[in-house]
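Student: Take this structure first; my questions come after.
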Amino acid sequence: MDKESVGSELLRRFKYNKSAVFGLIIMLFMIFCAIAANFIAPNDPYPSPPLLANKLKPGFWSDEGAPGMPLGSDGLGRCVLSRIIYGTRVSLTAGFVAVAIAMILGITFGVLSGYFGGWIDAVIMRIVDIMFAFPALLLAIVIVAVVGQGLEKAMIAIGIVYSPQMARIIRSSVLYIKEMEYIEVQKAIGSSHWRIIFRHILPNSIAPVVVYGTLMLATAILDCAALGFLGLGAQPPTPEWGAMLADSYSFIVSGAWWAATFPGIAILLSVLGLNLLGDGLRDVLDPRLKQ
Amino acid sequence: MRAKRLSIVLLVSLLVLGITTLGLAQEKILVFGNSGDVARLDPADVTDGESISRMDNIFEGLVEYEAGSTEIKPCLAESWDISEDGKEIVFHLRKGVKFHDGTDFNADAVVFSFERQYNPEHPYHQYGEWSYWGYMFSDIDRVEKIDDYTVKLVLSEPNASIMTSLAMFTACIVSPANAEKYKEDAFRHPCGTGPFKFVEWVKDDHITLEANENYWRERPKIDKLIFRVIPDPSARLLALEVGEIHGMEYPNPADFDRIKANPDLVLMSEPGMNIGYMAMNTGYGYVDANKNGVKDPDEPLEKTPGYFEPLTKKKVRQAINMAIDKEAIVRDIYMGTASVAKNGMPPFMLGYNDEIEDYPYDPEKAKELLAEAGYPDGFEVTLHVMPVSRPYMFDPPKIGEAIQSYLAAVGIKVNFYQVDWATYLQETEAGMHQMCLLGWTGDNGDPDNFLNVLYGLNACSIGTAGNYAFYTNEENQELLTKALRTYDVEKRAEYYKKAQELIHEDAGWVFLAHSNQNMVFRKNVEGFVLHPTSRMFFYPVDIK
């Protein structure tokens, strides 16, 4: 089979996976919101000076709503919809950066561990075991407590926390691939380790990385929101979904449900979309499912 | 057979029902929902409102406050005489009063309760920090026993606020026999002369008190008083609505409409004796080497760790005052449960200067002032934002965000800084902040307890500061000291008014609001009276 037909085969299988297409649409929509936030958001996400008099106004479903704020306003009179749209930017960036960090660290150590084996493998895998012993969010909180609060630091913390998973995944594919005949051939003709790793092992072990990277993106966004909710992630006035929830959940009892509900729905949709997409990718990329 | 079994079941259930209703009729239990647990249960060794609220019902002092005011009346002392020069006060103690452990209340107990705080040689001095002694009582030189029911209090300097201070929790009388029995653990086994006896303390859950049958006044109307810790205000309100608790503190202002709409609940609300503010570090403090709470000539001013050039300029601080719309903050974030502050103490206090005109909300003028001060493009500054709600400041993060947004409009970029509460206090007391949100609830109703403690030069001690703007005006401190040493009420008021003018002009603070104190009770709870100092006296309370 030539390359093109492999590609079209994958695309065909992807198209038949309805939930994966749905996930992809959500993902693309989020990316669009993030890029075009300046143009599509109806209001300034943090007007200065604040319009406190607009606080906790309902949205389009009520006659008392603040004009131009379809999803109502939060406790400081800011447009919830605009903040959610700008929040896409924050959450996506945080997710991608965290996953990138996890990938860089995970791939590096996973490949070293799997390819060279022996004591390198033993040391790296024991460290990974130790990191697995902590709940991910707890470890992230510890790291944030050490390096300080802020969105950047939260991203780094989440990246570090996820790198062991990535390392494990890469290591297992490397272990499998390095026993293949074409690697034997490369060794026989005297290729260097680096050539073998970069030309042959990495490209062949990238499929699971893509799948798990997508799924990880979902959990990274969720954890970033959790850190924001705890006040350890994005700092005000950054419109971060988790922080928006934390700001507004106390208003739910008194009836202003919208300020906390819509950011929650945004988190839910994005995580759901990414999970569907990830699952779809796995189905498509897994050769065992080929008819 | 079946009929017989049924009748037995009925009989048993009737019996059970009868016993329980009988039990309810016999015992009146009041459960109160608090937002946090106590730190310690030694009245002289705490500073937080939660600890104080429990001990108000266990302990008593020589004098006490009238219900709902900071006027004093006799309590464990029946009467007292003040000497001509105001430096000696002789107390005649009440006879026949017993501590909860059965021992007698007498002059020895009074001397013990005070001396352990001020005398480092005293064997019980080691068991506490006694921080309030330094804040409010350091003018007391010694307390002497004259006979079993007479004690003399000797002051090193005349002090016009001392009598009201003696009604504070710090001056409560504890049982010496109990202290001897438990030593360093005495703070877990409080024993006083008050209307309620301590039963148990389950950490972070509840504290139980029971009526003191041998109380020297009439026995309290309720039999058991339980303080339950429910940190979340919404959860507290839900517990109150279903009748799990009978009263609660700090309701969420957003829930007020819901509370008012509920016929079973009563919302009590009164102006509180407090101030919530944003302090701007003006740059300099001193190290109180001899720990006497006074800036001595050999303790020079030095830069605080949070020294920040722009905030050392008066015009910048005034500009910040003009850039923040306090009216809007009080209306929309405090949700009307506070009044706008223009001075550093509440309006009903002695010496309040009502002639001061507050800085108007005027961003344009603020920009001009910034330009005059040399910052036409503004600057970037860090704001310490409190992680907890306090009675004087509801929802600090929201207030911080509003301030951030107001200051952005005049070109000042504010970065948030949040840490846990203990560290927050440590850092701000050490002057590590550039700007910070904080506040104060009055202890004794005396203006000295606001102006001197919060705005005086003596309070600029790095590490133990109460003056978080590090406002080091000597003229101001002179006025405050003179006022404290003056017994003439008119003259005192004059000094305080002048001091407030200086504090206003130099603008070290943005005074935000005086919060109301709010409590919610179920309708069948009667007799509770809000106290301006937020203390909670359950003695007159009854359940109908």
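These protein sequence lines are chains A and B, in that order. Take any residue in the first sequence, count from 1 to its spot, add 822: that is its number in my numbering. Take any residue in the second sequence, count from 1 to its spot, add 9: that is its number in my numbering. In this text, a Cβ means the ideal position worked out from N, Cα and C, and glycines have one as well.
With DSSP run on the structure shown, which of helix, strand or coil describes C1046(A)?
Tutor: The residue labelled residue 1046(A) in the question sits at position 224 within the first sequence. In this structure, C1046(A) counts as helix in the three-state DSSP scheme.
Student: Along chain B, which residues have their Cβ under 8 Å away from the Cβ of A875(A)?
Tutor: As a first step, residue 875(A) must be located in the first sequence, where it is residue number 53. Going along chain B in sequence order, the residues near A875(A) (Cβ under 8 Å) are A337, R340, D341.
Student: Starting from H513(B) and walking both ways along the alpha helix (DSSP H), at which residues does that stretch end?
Tutor: The residue given as residue 513(B) occupies position 504 in the second sequence. Its alpha helix (DSSP H) spans residues 498-515.
Student: Take I1005(A) as the anchor and find which of A1040(A), H1022(A), F844(A), G881(A) has the nearest alpha-carbon.
Tutor: Along the first sequence, one-based indexing puts residue 1005(A) at 183. The shortest Cα separation from I1005(A) among A1040(A), H1022(A), F844(A), G881(A) belongs to H1022(A).
Student: From the DSSP secondary-structure annotation, give me the bridge partner or partners of G256(B).
Tutor: As a position in the second sequence, residue 256(B) is number 247, starting the count at 1. Note: G256(B) is bridge-paired with F41(B), F530(B) in the DSSP secondary-structure output.
Student: In its own chain, which residues sit with a C-beta less than 6 Å from the C-beta of E1001(A), not counting the 5 before and 5 after it?
Tutor: In the first sequence, residue 1001(A) corresponds to position 179, counting from 1. Excluding residues within five positions, none has a Cβ falling inside 6 Å.
Student: Taking the alpha-carbon positions, what's the P199(B) to Y74(B) distance?
Tutor: For the purposes of this step, residue 199(B) is taken as residue 190 along the second sequence, with counting starting at 1. For the purposes of this step, residue 74(B) is taken as residue 65 along the second sequence, with counting starting at 1. P199(B) and Y74(B): Cα-Cα distance of roughly 21 Å.
Student: Could you tell me whether the region 868-875 of chain A touches the region 338-347 of chain B, where touching means 3 or more Cβ pairs closer than 8 Å?
Tutor: Using a C-beta cut-off of 8 Å, the region 868-875 of chain A makes contact with the region 338-347 of chain B, since at least three inter-stretch Cβ pairs fall below that distance.
Student: May I have the straight-line CA-CA distance separating E514(B) from L416(B), to the nearest angstrom?
Tutor: Position 505 of the second sequence, counted from the start, is the residue given in the question as residue 514(B). Position 407 of the second sequence, counted from the start, is the residue given in the question as residue 416(B). Answer to the nearest angstrom: the Cα atoms are 20 Å apart.
Student: Counting only runs of 3+ residues fully inside the region 421-507 of chain B, write out the beta strand (DSSP E) ranges in chain order.
Tutor: Taking 3 residues as the shortest admissible run, the region 421-507 of chain B contains the following complete beta strand (DSSP E) segments, listed from N- to C-terminal end: 422-426, 444-450.
Student: According to the neighbour-count rule (16 or more other Cβ atoms, all chains shown, within 10 Å of its Cβ), is V983(A) buried or exposed?
Tutor: Here the question's residue 983(A) lines up with position 161 in the first sequence. Buried.
Student: With 7 Å as the C-beta to C-beta threshold (strictly closer), list the residues of the region 875-898 of chain A near chain B in chain order.
Tutor: A875, K877, G897, L898
Student: Given that a residue counts as buried once 16 or more other Cβ atoms are within 10 Å of its Cβ, and exposed if not, what is S995(A)?
Tutor: Locating residue 995(A) in the first sequence gives position 173, where the first residue counts as 1. Its Cβ being crowded by 16 or more others within 10 Å, S995(A) is buried.
Student: For K407(B), go through chain A and note every residue whose CB falls closer than 8 Å to its CB, in chain order.
Tutor: By one-based count along the second sequence, residue 407(B) stands at place 398. In chain order: G897, L898, D1069.
Student: Output needed for N525(B): all residues of its chain with C-beta closer than 7 Å, excluding positions within five of it in sequence on either side, in chain order.
Tutor: For the purposes of this step, residue 525(B) is identified with residue 516 of the second sequence, where counting begins at 1. Closer than 7 Å at the Cβ level, and outside the excluded window around N525(B), lie S278, E279, P280, G281, T346, A347.
Student: Chain B partners of P1004(A), CB-CB under 7 Å?
Tutor: Locating residue 1004(A) in the first sequence gives position 182, counting from the first residue. It is Tyr, not Pro, that sits at residue 1004(A) in the sequence shown. Those within 7 Å of Y1004(A) in chain B number zero; the least Cβ separation is about 55 Å.
Student: Quick one: which residues of the region 903-935 of chain A get their C-beta closer than 8 Å to a C-beta of chain B? List them in chain order.
Tutor: Within the region 903-935 of chain A, contact with chain B at the beta-carbon level (separation under 8 Å) is assigned to no residue.
Student: By Cβ distance below 8 Å, which residues in the same chain neighbour L560(B) in space, the five residues on each side in sequence not counted?
Tutor: Because chain B is modelled from 10 through 553, residue 560(B) falls outside the range shown and cannot be assessed.
Student: In or out: P867(A) buried (at least 16 other Cβ within 10 Å) or exposed?
Tutor: As a working mapping, residue 867(A) is identified with position 45 in the first sequence. By the 10 Å Cβ count, P867(A) comes out buried.
Student: How close, in whole Å, do the beta carbons of A263(B) and S1092(A) come, if the pair is a contact with beta carbons under 8 Å?
Tutor: As a working mapping, residue 263(B) is identified with position 254 in the second sequence. As a working mapping, residue 1092(A) is identified with position 270 in the first sequence. Contact between A263(B) and S1092(A) fails: their C-beta atoms lie close to 28 Å from each other, not under 8 Å.
Student: Helix, strand or coil, according to DSSP, for C84(B) in the structure here?
Tutor: Taking the second sequence and counting its residues from 1, the one referred to as residue 84(B) is at position 75. Residue state, collapsed to three classes: coil.
Student: Out of K324(B), Y505(B), F114(B), I408(B), which has the shortest C-alpha to C-alpha gap to P355(B)?
Tutor: Here residue 355(B) is taken as the residue at index 346 of the second sequence, counted from 1. That would be Y505(B), whose Cα lies nearest to the Cα of P355(B).
Student: Please state whether the Cβ-Cβ distance between M402(B) and G451(B) is less than 8 Å.
Tutor: In the second sequence, the residue the question calls residue 402(B) occupies position 393. In the second sequence, the residue the question calls residue 451(B) occupies position 442. Taking 8 Å as the Cβ cut-off, M402(B) and G451(B) do not qualify as a contacting pair.
Student: Taking the beta carbon of A379(B) as the centre, do at least 16 other beta carbons fall within 10 Å, making it buried, or is it exposed?
Tutor: One-based indexing of the second sequence puts residue 379(B) at position 370. Here the sequence assigns Leu to residue 379(B), which means Ala is not the residue at that position. Buried, because 16 or more other Cβ atoms sit within 10 Å of the Cβ of L379(B).
Student: Skipping 5 residues on each side, what residues in its chain have a beta carbon closer than 6 Å to that of V538(B)?
Tutor: In the second sequence, the residue the question calls residue 538(B) occupies position 529. Around V538(B): A76, G77.
Student: Within 8 Å of any Cβ in chain A, is that where the Cβ of Y554(B) sits?
Tutor: Nothing about residue 554(B) can be read from this structure; chain B reaches only from 10 to 553.
Student: So, is the C-beta of G1053(A) closer than 8 Å to a C-beta in chain B?
Tutor: Start at 1 with the first residue of the first sequence, and residue 1053(A) comes out as number 231. So, interface residue.
Student: Please decide whether V996(A) counts as near chain B, where near means a Cβ-Cβ distance under 8 Å.
Tutor: The sequence position of residue 996(A) within the first sequence is 174, counting from 1. Cβ-Cβ to chain B under 8 Å: no for V996(A).
Student: Is it buried or exposed for G1035(A), if we count other Cβ within 10 angstroms and need 16 for buried?
Tutor: Position 213 of the first sequence, counting from 1, holds the residue named residue 1035(A). By the neighbour-count rule (16 or more Cβ atoms within 10 Å), G1035(A) is buried.
Student: So, with DSSP's three-state summary, where would you put A347(B)?
Tutor: Counting from one through the second sequence, the residue named residue 347(B) turns up at place 338. Strand at A347(B).
Student: Below 8 Å between beta carbons is the criterion; list the residues of the region 946-978 of chain A that meet it against any residue of chain B, in chain order.
Tutor: Q971
Student: What residues from the region 349-378 of chain B come within 8 Å of chain A, judged by C-beta to C-beta, listed N to C?
Tutor: P372
Student: Output the distance between the C-alpha atoms of R993(A) and V945(A), rounded to the nearest integer angstrom.
Tutor: Within the first sequence, numbered from 1, the residue matching residue 993(A) stands at position 171. Within the first sequence, numbered from 1, the residue matching residue 945(A) stands at position 123. Rounded to whole angstroms, R993(A) to V945(A) spans 13 Å at the Cα level.
Student: Where does D1105(A) sit, in a helix, a strand or coil, going by DSSP?
Tutor: Your numbering for residue 1105(A) matches position 283 in the first sequence. Looking at D1105(A) - three-state DSSP - the assignment turns out to be helix.
Student: The alpha helix (DSSP H) spanning V996(A) covers which residue range?
Tutor: Within the first sequence, numbered from 1, the residue matching residue 996(A) stands at position 174. Here the alpha helix (DSSP H) through V996(A) covers 973-999.
Student: Closer than 8 Å, CB to CB, is P1061(A) near chain B or not?
Tutor: For this step, residue 1061(A) is matched to residue 239 along the first sequence. By this cut-off, P1061(A) is not an interface position.
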